[in-house]
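Counted from 1, the sequence shown has number 367 at position 227 by our numbering; the numbering is strictly sequential.
Below is one structure, written out as structure tokens; the observations come after it.
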Amino acid sequence: MNRRIAVYWAVTMSMVAACSDEGGASSNDAVQNGIPTVISVEPMAGPALLTVAQDLDPQPNVVEVYLEAKVSTHELAPGVMTELWTYNGFFPGPTIEAKVGDTVRVRLANKLPEATTIHWHGLRVPASMDGVPTMQSPIQPGQEFTYEFVVPDAGTFWYHPHIRSDVQVERGLLGVVVVRGENEPATTTDTVVVLDDVLVLKSGELVAFGADQVMVGRQGNLLLANGKANPTFLLQPNGIHRFRFVNGANARFFRLRFDGASAVQIGTDGGLLPSPQALDELLLVPGERAELVVTAHANAGKSTSWVSAPYDRGHGTGAAPEAVVFMTKTHGDAVEPPPMLPSPLTKIEALGKPVANRTLVFQEMEGMNHGTGSGGGGHAGHGDPTTGGGVMPPMFMFNGKMWPNPETFSGHLGTTEDWVLDNQAEMDHPFHLHGFRFQLVDADGQASPQKGWRDTVNVAAKQKVTIRVDVRDNAGEWMFHCHILEHAENGMVGIFNVAPDGGP
Ligand code: C2O
Ligand code: CU
């Protein structure tokens, strides 16, 4: 460990030390609502490109992948070794690449000490393949399950467990699915970047999970891009470089700033935008994806720091200072002539008249601190020995209801619905809907300028956002929830039941 890391560890660890002893997680005045200080580390050497999953089926329109969920140890920052749960020993897991219309078959073998599932976030798959425990029996240790579905849309999607997701995703179970369409813009490079954070001790061990991490979600003290602290992505000078960003963190909102780089946004959760949009920062909330194209400087040797800037999502979260997530650096000979993005990029169809107008009110109730020693508070039934107690966690609701007695909407296939997401809570909640895509209609009465497809949208504290849901395929029971995983695990989940008939 070098000197710079050691200094920051010393500062940070006094703050998280209170959470480190087994079964005794307690709140600490230095950690306001469990928001620890980010550790500053030296850049990781070497490329941070994700491994692409091997396609085991020779047929051109079938992608078959074997995933083994297992324990493995990873160097996240220089000298920081962390035992994680991973797919095939990769963190993040292998990227599954497919074309629109392909059949994707994934055999998952569970070699973990507890049950798991895989949810295909953003992919419109049949409800039986969605990986939620209401539609699938969890895959027990030593068991296997094969997921199979056709991928209907181009875009950047991701996969993660949908059982104890607060713990399982933090431990490292996540990966990306890239689906390409016929008219992808030609770019110099096309790179997936998973933004994440983990909460670790000086030893590299994950800090114990505890009820004190629920209010604002478990926010990490080590920022990661593709599983590494502060890696560098090389850009060919003059090139146009596509980055597919995925926020895989439990709770952190990445407000990415990249002063000095020239970037446009070309895609959202559900693929390309109609045309590139200028931007000088990107807010990416948990679960969300965005695609940027960075035009590299004409000369080699120019670098840009991509920082996570302060963002106030309520309850004191705005106080965290800015920290570097990764770097880009120009390298090699320039691309000649400089390439250009096509415009328009794609067409996005307007949706029909909504047949239903629903309102979903977001609410939260603060928890109570009972001191230490009660053990496992709020995580009853989870049975995790690393779950500390002592604090009664806060509660999160939709329309006054909490999982497992959720608000339940009933809809019909072949329709369009408008949902007003009315956040009356004291903090932002990133909303995610399974099974269907939506478009933004307005936020606080202002028409949304962005016409992309989404499955995840931030609803800021006290904000009202209207979304238009395309209830097109796949009848069945679907979840919607806050993607701060601790909020979902503590009640903020609802059900959208879609009948196969066409009528409203
Ligand atoms: Cu990415 Cu229901 O989740
Ligand atoms: Cu939330």
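Built from N, CA and C at the ideal position, the CB exists for glycine as well.
Judged by DSSP secondary structure, residue 503 falls within the beta strand (DSSP E) whose first and last residues are 496 to 505. Of all C-beta pairs linking the segment 293 to 302 to the segment 456 to 463, fewer than three are shorter than 8 Å, placing the two stretches out of contact. Taking 7 Å as the cut-off, the Cβ atoms of residue 315 and residue 233 count as close. Of all residues, those with a beta-carbon under 5 Å from at least one heavy atom of the ligand C2O are 261, 427, reported in chain order.
When the beta-carbon positions are compared, residue 608 and residue 409 stay at least 7 Å from each other. Counting along the chain, the unbroken beta strand (DSSP E) around residue 337 starts and ends at 329 to 338. At a Cβ-Cβ threshold of 7 Å, residue 606 and residue 427 do not count as neighbours. Rounded to whole angstroms, the Cβ separation of residue 589 and residue 372 is 33 Å, and the two are not in contact under 8 Å. Relative to the ligand CU, residue 471 has its C-beta separated by 6 Å or more from all heavy atoms.
For residue 393, same chain residues with a beta-carbon under 6 Å away, outside a window of 5 residues either side, are 425, 451, 453 in chain order. Counting the other Cβ atoms within 10 Å of the Cβ of residue 306 gives 16 or more, which makes it buried.
The beta strand (DSSP E) runs lying completely inside the segment 341 to 371 and spanning 3 residues or more are 362 to 365, given in chain order. With respect to the C-alpha of residue 549, the residue from 591, 578, 562, 500 having the closest C-alpha is 500.
Residue 627: member of the alpha helix (DSSP H) spanning 625 to 629, first to last residue. When rounded, the separation of the alpha-carbon atoms in residue 177 and residue 339 is 10 Å. Of the other Cβ atoms in all chains shown, 16 or more fall within 10 Å of the Cβ of residue 352; this residue is therefore buried. The beta carbons of residue 505 and residue 534 sit about 6 Å from each other, so the pair counts as a contact at 8 Å. The shortest C-alpha to C-alpha distance from residue 303 to any of 635, 626, 640 is the one to 626. When the Cα atoms are used, residue 465 and residue 370 turn out to be separated by approximately 5 Å. Any heavy atom of the ligand CU within less than 5 Å of a residue's beta carbon puts that residue on the list, which reads 569, 622, 624, 627. Linking residue 619 to residue 567 through their CA atoms gives a straight-line distance of about 22 Å.
Straight across, the Cα-Cα distance linking residue 230 with residue 629 is about 25 Å. The C-beta distance from residue 334 to residue 397 rounds to 19 Å, too long to fall under 8 Å, and the pair is not in contact. Listed in chain order, the beta strand (DSSP E) runs fully inside the segment 228 to 288 are 236 to 239, 243 to 250, 259 to 261, counting runs of at least 3 residues. Just measuring C-alpha positions, the residue of 331, 436, 542, 214 sitting nearest residue 621 is 542.
Distance from the CA of residue 556 to the CA of residue 636, rounded to the nearest whole angstrom, comes to 13 Å. Measuring C-alpha to C-alpha distances from residue 330 to each of 374, 449, 536 identifies 374 as the nearest.
Secondary structure note for residue 306: its alpha helix (DSSP H) is the uninterrupted segment 305 to 310. Annotated as distal: residue 271 and residue 261, with beta-carbon spacing of 7 Å or more.
Rounded to the nearest whole angstrom, the CA to CA distance from residue 195 to residue 440 is 36 Å. For residue 266, the closest of 342, 574, 484, 227 by C-alpha to C-alpha distance is 574. In the DSSP annotation of this structure, the continuous segment of the beta strand (DSSP E) that includes residue 469 starts and ends at 463 to 470. Short of 8 Å from the beta carbon of residue 487, and not among the five residues preceding or following it, lie these beta carbons of its own chain, in chain order: 414. Restricting attention to beta strand (DSSP E) runs no shorter than 3 residues, the segment 404 to 490 encloses them at 411 to 418, 421 to 424, 429 to 435, 443 to 448, 463 to 470, ordered along the chain. Under DSSP, the beta-bridge partners assigned to residue 598 are 570.
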